[in-house]
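In what follows, a structure is listed as structure tokens, so that the remarks can point back to it.
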């Protein structure tokens, strides 16, 4: 810890704290979803009759948002692009924490840059849709706008470091690797990076306590993950044995 | 009724502009004190109702994964906002599924989440006040629990689960709904929703036998409480008195008669419907269902076949095995419970019945998929059998069959507008408006294909459509039971049976 500036110490503390809150919060929620019983069989029918079928159904839901596609094509296109580019961006960022960085992450790199631009655009599209469609305007609250603005700001600050005020990538990488290897070094003297990092920490802390928990929750939704084998196999209600 | 404003039938379902408070006048009646007490609920709202309600909500959150998860994960994407027939019919924004859920979610945030406790403003967190409870009363009795919204939700959020929980919470503080609690009171004391005692039931079945004899010259029996029969048939009690339900019952009787399968109904379990599901009360649902198991054991039957009733088939197919199973005392050779459509179609496919389709030649038939059958159950061995088997059955007894617009049938079918305990007169305005999507789709095939008959397999759908379609200028005679069509075409004395 010798030679670390006060600013670095503060940020290192915040980084670890927010990561811990994220992990603990996420795990707690997933644990709650996992242990809360399902007294009755309630898959939305027609439903798969085997576990393998459920895996297929869920693969469709998670990789292609099949139900949303049925529901609203305009929301699907915006939401789908938003999620895909977000995934690319997260993967691209692995180069800042993995040593050595796998080839495939370098391959994603350039896509990650375009993804950043698309993320801002698609967040704007989803924001506009909330405002201009009377039904979504009615149901949207501060939290819904906040999540979109936060994501757009994270992407915008990231892009700015790439295109406007070049960040010292190797200093950033040293700092991040230091964090994940628990041998922290000084934070780069780059205001944009510090803002970017702060916004990411806000996202991490916010996620487990918000609707963003859909990321973990989707895997537990009883209407989607239950097998339609009501006759073949007696489903036991744990609180009514 | 004359003052209900119905939409002009054009064959098209239009998404309305939001019209705030459009359905606030559509309010279900409150149950009387003795009706609540009979079911084990408090007679009326106690002073500490808020505390009791929140405790109940906390309890349900630990007992139902669906409720816990669905209150957490909605991202308000809006995919469900134009999917509910009550929103399409009224334009009231609280009838958008996500907004209906939000009525409970805002209380959940306030009392059960960290974020809501810390930042109530950002996330719309609210106390469970009298006003909020009033909104619950209004809009959780404007959900027919048809599950259409859940088809389109990226997380499978099923508003039915939330409205069931809301009604369970309201019942826990003496806010029972009159129609549902009255019906449940009758079924747990007398054995059926209509409160028909055994002698009256016996009488009406004898009348039915006379009628069929007069019309066909054949002694078709409608047996009650016959021990050692092969099949126990459980029908919704509306089949005993209402029309076109009773024509369906006649159809079941003819099928058993021709197949030569001995059967009986039960005076103790003379009801297939199970309103315990509508009010989200597990114990009552079980109490109603277990009468059927007891009757089957008492009458020593080999199998259970059930009649045409939508939500009851969901309870039977999806829940019975958990609630009152296992059915190891029945003949393992046969699926129990079996739907009468599966039973009859199987007989026809094995050539055990003689069918003359020409008796239905004056009909051009379409099929209304009932919501709970479509999205809450299955028939046959593969997913989607609940769509194919009734259609196959209709086509095996009728030459002229046409489906309605595919956006309105099968898994995306529209509710009739009166399911979930809403088949009550004080909600007539809502019921008429909620039937709009189906009325439009029906109108289209009536105009284009000359459809004059809409067949269905649900007692609530039949009662609802015969009442509300005339409001749209469609004659109630279009409404038919599927087994009414079977009854028309079956040639008595034509085959040896099985």
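Protein chains in written order, with the working numbering: chain A, 3 to 243; chain B, 301 to 798.
For every residue, glycine included, the Cβ atom is placed at its ideal position computed from N, Cα and C.
Remember, predicted model here, so these are calculated numbers, not experimental data.
Collapsed DSSP secondary structure at residue i in the structure displayed
i	result
residue 639 of chain B	strand
residue 781 of chain B	strand
residue 477 of chain B	strand
residue 612 of chain B	helix
residue 94 of chain A	helix
residue 790 of chain B	strand
residue 522 of chain B	coil
residue 541 of chain B	coil
residue 203 of chain A	helix
residue 604 of chain B	strand
residue 159 of chain A	helix
residue 241 of chain A	coil
residue 565 of chain B	strand
residue 678 of chain B	coil
residue 630 of chain B	coil
residue 756 of chain B	strand
residue 330 of chain B	strand
Rounded separation between residue i and residue j - CA only
i	j	result
residue 758 of chain B	residue 213 of chain A	37 Å
residue 566 of chain B	residue 544 of chain B	22 Å
residue 600 of chain B	residue 525 of chain B	10 Å
residue 771 of chain B	residue 366 of chain B	37 Å
residue 685 of chain B	residue 645 of chain B	12 Å
residue 42 of chain A	residue 465 of chain B	14 Å
residue 210 of chain A	residue 188 of chain A	29 Å
residue 433 of chain B	residue 697 of chain B	50 Å
residue 24 of chain A	residue 374 of chain B	19 Å
residue 529 of chain B	residue 332 of chain B	40 Å
residue 389 of chain B	residue 717 of chain B	10 Å
residue 302 of chain B	residue 669 of chain B	Its pLDDT being 49, under 50, residue 302 of chain B is placed unreliably in this model, and the value from its coordinates should be taken loosely. Distance between the alpha carbons of residue 302 of chain B and residue 669 of chain B: 28 Å.
residue 733 of chain B	residue 310 of chain B	15 Å
residue 135 of chain A	residue 79 of chain A	16 Å
residue 512 of chain B	residue 554 of chain B	9 Å
residue 100 of chain A	residue 90 of chain A	16 Å
residue 801 of chain B	residue 202 of chain A	What the structure shows of chain B is the stretch from 301 to 798, and residue 801 of chain B is not part of that stretch, so it cannot be assessed.
residue 227 of chain A	residue 62 of chain A	12 Å
residue 584 of chain B	residue 749 of chain B	45 Å
residue 254 of chain B	residue 664 of chain B	Since the displayed chain B opens at 301 and closes at 798, residue 254 of chain B lies outside it and no answer follows.
residue 783 of chain B	residue 763 of chain B	16 Å
residue 104 of chain A	residue 97 of chain A	8 Å
residue 263 of chain B	residue 461 of chain B	With chain B running from 301 to 798 in the structure shown, residue 263 of chain B is simply not present.
Interface residues of chain C facing residue i [CB-CB closer than 7 Å]
i	result
residue 565 of chain B	The displayed structure is made up of protein chains A and B, and chain C is not among them.
Cβ shell of residue i (< 7 Å), same chain only, five flanking positions each side left out
i	result
residue 679 of chain B	639, 641, 642, 685, 686, 689
residue 727 of chain B	326, 328
residue 481 of chain B	331, 335, 336, 339
residue 427 of chain B	410
residue 352 of chain B	346, 472, 473
residue 572 of chain B	534, 535, 536, 606, 607, 609, 612
residue 56 of chain A	50, 227, 229
Neighbourhood of residue i by C-beta, 6 Å cutoff - its chain only, sequence neighbours within 5 removed
i	result
residue 729 of chain B	304, 326
residue 49 of chain A	230
residue 604 of chain B	532, 596, 636, 637
residue 386 of chain B	395, 442, 734
residue 222 of chain A	35
residue 240 of chain A	39
Nonlocal neighbours in the same chain, by C-beta distance under 8 Å from residue i, ignoring five residues either side
i	result
residue 232 of chain A	43
residue 602 of chain B	530, 531, 630, 631, 634
Can you give, in chain order, each stretch of the alpha helix (DSSP H) that sits fully within the stretch 353-410 of chain B and has at least 4 residues?
365-373, 385-390
Quick one, which residues of the stretch 392-420 of chain B are near chain A if we go by CB-CB under 8 Å, in chain order?
393, 396, 398, 399, 402, 413, 414, 415
Taking only beta carbons into account, state which residues of the stretch 420-443 of chain B come closer than 8 Å to chain A, listed in chain order.
421, 422, 423, 424
Using a beta-carbon distance cut-off of less than 7 Å, what residues from the stretch 577-597 of chain B approach chain A?
582
Chain-ordered residues of the stretch 137-148 of chain A with a beta carbon less than 8 Å from chain B:
137, 138, 140, 141, 142, 143, 144, 145, 146, 148
If the cut-off is 8 Å on Cβ atoms, which residues from the stretch 30-43 of chain A count as contacting chain B, listed in chain order?
31, 34, 35, 38, 39, 40, 41, 42, 43
Which of the residues in the stretch 612-636 of chain B, read from start to end, lie with their CB under 7 Å from any CB of chain A?
617, 618, 619, 621, 622, 625, 626, 635
Where the stretch 365-394 of chain B meets chain A: residues whose CB sits under 9 Å from a CB there:
365, 366, 367, 368, 369, 370, 372, 373, 374, 375, 376, 377, 378, 379, 380, 381, 382, 383, 387, 393
For a minimum of 4 consecutive residues, which ranges assigned as the alpha helix (DSSP H) are wholly contained in the stretch 445-519 of chain B?
448-452, 459-472, 478-489, 498-516
Jot down the residue ranges of each uninterrupted alpha helix (DSSP H) in the stretch 112-142 of chain A, minimum 4 residues, whole runs only, in chain order.
136-141
Residue ranges of each alpha helix (DSSP H) within the stretch 62-96 of chain A, 4 or longer:
68-73, 75-95
Enumerated in chain order, which unbroken segments of the beta strand (DSSP E) with a length of 3 residues or greater are wholly contained in the stretch 665-741 of chain B?
665-667
Given a limit of 9 Å on CB to CB distance, which residues of the stretch 74-106 of chain A reach chain B?
74, 77, 78, 81
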